[in-house]
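Under our numbering, the residues of the sequence shown are numbered 1 to 79, in order.
We treat Cβ as the ideally placed atom computed from N, Cα and C, and that holds for glycine.
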Amino acid sequence: MVVGTRYRYGGSPKSALAHYREAARTDGWRPGTTAEGETVSGCFTRSMGGTTAYLEVEGPEGGLLHVEIVADRAGSQWC
């Protein structure tokens with residue numbers, strides 16, 4: 001399942017990530033990590049419906065911020 005949106009955002013990538021980092025943490029999301037345990041910028045994970053969901057924040061690029069949640073029962077790493 002994929003749910004996402006893009007919206008106009010006049011701030012910097014740093015301020016967008018700071019906002020979503022705090023909002024994600026408050027809602028129970030954890031920072032995404034690589035197989036080596038390194039944090040992935042703009043990626044957050046959470047258990048949902050028996051699988052791992054991934055919240056990804058990209059941009060803003062061209063004034064648009066892209067926010068997407070992907071949940072895949074196949075166990076793939078998304079971000």
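Discussion item. Does the CB of Gly-11 have a neighbour CB from chain B at under 8 Å?
Written reply: You won't find chain B in this structure, because it holds only one protein chain.
Discussion item. Quick check: what's the CA-CA separation for Arg-73 versus Gly-32?
Written reply: Roughly 17 Å separates the two Cα atoms.
Worksheet item: So, helix, strand or coil for Thr-26, using DSSP?
Response: Three-state result, Thr-26: helix.
Practice prompt. Report the residue from Arg-30, Phe-44, Met-1, Ala-16 whose alpha carbon sits nearest the alpha carbon of Glu-159.
Written response: Nothing in the structure corresponds to residue 159, since the chain is present only between 1 and 79.
Discussion item. On the DSSP bridge list, what partners appear for Val-40?
Written reply: Its beta-bridge partners do not exist; DSSP assigns none.
Discussion item. Can you check which of these residues, Arg-8, Thr-51, Glu-58, is closest to Val-40 by C-alpha distance?
Written reply: When each option's Cα is compared against that of Val-40, the closest is Glu-58.
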